[in-house]
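Residue numbers (the numbering used here), protein chains in the order written: chain U, 1 to 394; chain A, 1001 to 1292.
Reading through the structure tokens given below for one structure.
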């Protein structure tokens, strides 16, 4: 291929660099190699703009979202000469501007949250002789244990709230940590490792005396979390949001959705390692927040649009909701059944279950129960920690 | 442009109707020697494009079907253990030094080629189709990185094997899993959508030359309308062709000629129980009314 060097022969180089920069601001991941190729593509131009646009699109996009966005970005940059550029730009990563959260959202998420930090929680290990990386994954009891048994509703003091949130976040990390490092306990592997066996047995003249075996580590399961952010969940949703954020940030194979009267996919927003940008995105999504719950309908939307891509035989679906449903119970049951067809386990965490007097008697909850594999309380940190074994098994 | 157009014509000659995006993508992939990642719903002809490309370039098609648990041994290379064992036995009788034996049995003679290794060791650049890459594990993507960017494979016992000819690589994905950025960055990208009505008609006519033109037109319109319905699995191009062939074989001349047959042959298009139930005779008659 024609190697393109930044010389005067390429009058396009400055605008092209600008265009690549423009795309980068819109979260395209492009390196210098792409700039080079883009120049070479343009150098061999056919003089037809549609064709050039198509070629750049194929070269510079790398996923469906970018594929859809590209034409607008191209037009904004080349045709409208940057006049409308600002329209498509998200906040530049370098900019110091700190977008404010919507008021509704501020109750549910701290603004200065360090969501993207890669802090690994302290893990209680099994002590000596654990060469296989097995760790129990439980959080070491710390001075914060005191709040582990308190219902989330009773946290009033902002610092207490912050502590509990941080714990919820760490708890999620700890669960993930355990699963991904889990090895099969059987010391003898299930399969022969031929390559090593042969090598080890050359000295015996090909007599297979010293057998080497392999075993597969368990692949972590996929988690899909649905978080109820309706009015009735007000006291719990910010803890759960931290919990879900922790899970999704560290667990590559996961998806998160919020629902109230509408369903919103928040995986990318939550996973964004720039906490400020994550908050901005979440606040944009918070429209309609705090209203009633239409879980059945929302799950229907999920089943129609996402289920095929998101669910598989190794998926655990986790619903965090109090089950106060506005829509008809039959819809909920029907949609849960559809989810169950595609996913392996359905776990429902209901904060109200932790109350002594609560019984799942609402029509929606009663209709949902037969489809749920594990129904648990989730009103305290202890309760959240207790679901870990449920996530570990398929 | 002329290149792209001629590629399009050539593809049409082997009965593949490509739109401008796809033709440009293929041309770029050939020109830049870069792998091409095609994403899109099942049944839009992603796999077929690789076959057609091999046909017009008059070269071999090497296909690697991905699945969960696919590993290097079945995708790249494997040692021929049986031969190695025999060889050890023979050298035993000749009282050879073990280091020499080891060197001997881990030489090229004992290497079994799997699709990826095979693809980079051809005389003439083949088309390498890595089908449904999203089904393979994330770990497997890592194996691909070295092959796709440098076209070389490292075998620990042998060293690095460089490509004798650079294959035209086409990867397809149904989007069941998000692919890693590293892999995406090494590829050109194109999203393949369901064909437009005109294209679909063209495809039916080119694949089934004996079909009535009017029927083909109505079929393409019907399927376009059907895709707008609330279905679990949208019918792809292959399904349309099956259905067209079925109707044509049943001597149907126009789509609403025999309503009973029309309803019964919908099994060619609808592949789940729920979809079959949701397209009731009333819906069918509404859709065929629009198509006719």
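Virtual Cβ for every residue (Gly too), placed ideally from N, Cα, C.
Values in this document were obtained by computation on a predicted structure and should not be read as measured data.
Cutting at 7 Å between CB atoms, please list the residues of its own chain near residue i, excluding the five before and the five after it.
i, result
"residue 1226/A", "1235, 1269 and 1287"
"residue 322/U", "228, 232, 233, 350, 351 and 352"
"residue 61/U", "67 and 70"
"residue 372/U", "346 and 348"
"residue 1040/A", "1046, 1191, 1192 and 1193"
Report yes if the C-beta distance between residue i and residue j is below 8 Å; otherwise report no.
i, j, result
"residue 1188/A", "residue 1029/A", "yes"
"residue 295/U", "residue 259/U", "yes"
"residue 1161/A", "residue 1116/A", "no"
"residue 380/U", "residue 344/U", "no"
"residue 1262/A", "residue 1284/A", "yes"
"residue 1146/A", "residue 1106/A", "no"
"residue 1064/A", "residue 1168/A", "no"
"residue 193/U", "residue 212/U", "yes"
"residue 338/U", "residue 303/U", "yes"
"residue 16/U", "residue 42/U", "yes"
"residue 1017/A", "residue 202/U", "no"
"residue 1248/A", "residue 1211/A", "yes"
"residue 22/U", "residue 56/U", "no"
"residue 270/U", "residue 244/U", "yes"
"residue 29/U", "residue 1181/A", "yes"
"residue 1068/A", "residue 1137/A", "yes"
"residue 39/U", "residue 13/U", "yes"
"residue 1224/A", "residue 1198/A", "no"
"residue 1079/A", "residue 195/U", "yes"
"residue 1141/A", "residue 1179/A", "yes"
"residue 292/U", "residue 237/U", "no"
Buried or exposed: where does residue i fall if 16 or more other Cβ atoms within 10 Å of its Cβ makes it buried?
i, result
"residue 1127/A", "buried"
"residue 49/U", "exposed"
"residue 1264/A", "exposed"
"residue 1195/A", "buried"
"residue 1259/A", "exposed"
"residue 255/U", "buried"
"residue 1086/A", "exposed"
"residue 348/U", "buried"
"residue 365/U", "buried"
"residue 355/U", "exposed"
"residue 87/U", "Low confidence applies here, because residue 87/U scores a pLDDT of 43, under 50, leaving its location unreliable; read the following figure in that light. By the 10 Å Cβ count, residue 87/U comes out exposed."
"residue 32/U", "exposed"
"residue 64/U", "exposed"
"residue 318/U", "buried"
"residue 1209/A", "exposed"
Report all residues from its chain with a CB closer than 8 Å to the CB of residue i; omit the five preceding and five following residues, and keep chain order.
i, result
"residue 1006/A", "none"
"residue 1124/A", "1059, 1060 and 1165"
"residue 1073/A", "1114"
"residue 46/U", "52"
Given residue i, which residues of its chain have a CB within under 6 Å of its CB, disregarding the five upstream and five downstream residues?
i, result
"residue 1238/A", "1043"
"residue 1241/A", "1207"
"residue 1336/A", "The shown model of chain A, from 1001 to 1292, leaves out residue 1336/A, and the question about it has no answer."
"residue 1120/A", "1151 and 1163"
"residue 1278/A", "none"
"residue 342/U", "307 and 311"
"residue 329/U", "363, 364 and 367"
"residue 19/U", "77"
"residue 1055/A", "1014"
"residue 1/U", "Any reading at residue 1/U needs caution, since the residue's pLDDT is 40, under 50, leaving its predicted position unreliable; the model's value is listed next. Nothing listed; no residue qualifies."
Which partner residues does residue i have in the DSSP bridge list?
i, result
"residue 348/U", "319/U and 375/U"
"residue 1168/A", "1127/A"
"residue 226/U", "257/U and 319/U"
"residue 265/U", "257/U"
"residue 1065/A", "1131/A"
"residue 213/U", "192/U"
"residue 1078/A", "1112/A"
"residue 1188/A", "1036/A"
"residue 1154/A", "1160/A"
"residue 1173/A", "1039/A"
Does the ligand GDP have even one heavy atom less than 7 Å from the beta-carbon of residue i?
i, result
"residue 370/U", "Inclusion of the ligand GDP in the displayed structure is not the case, the ligand content being empty and no account of it being possible."
Give the residues of chain D in contact with residue i, contact being defined as C-beta atoms less than 7 Å apart.
i, result
"residue 1191/A", "Chain labels in this structure do not include chain D; the protein chains are U and A."
Just checking my contact of residue i with residue j at CB under 8 Å: how many whole Å lie between their CB atoms?
i, j, result
"residue 367/U", "residue 320/U", "With 8 Å as the limit, residue 367/U and residue 320/U do not qualify as a contact, their Cβ atoms being about 18 Å apart."
"residue 54/U", "residue 1024/A", "5 Å"
"residue 1293/A", "residue 1275/A", "Beyond the ends of chain A as shown, which are 1001 and 1292, falls residue 1293/A; an answer cannot be given."
"residue 1038/A", "residue 1046/A", "5 Å"
"residue 1252/A", "residue 1291/A", "Wrong, their Cβ atoms sit about 13 Å apart, outside the cutoff."
"residue 299/U", "residue 325/U", "That belief does not hold up - the Cβ atoms of residue 299/U and residue 325/U are roughly 11 Å apart, past 8 Å."
"residue 1084/A", "residue 1110/A", "6 Å"
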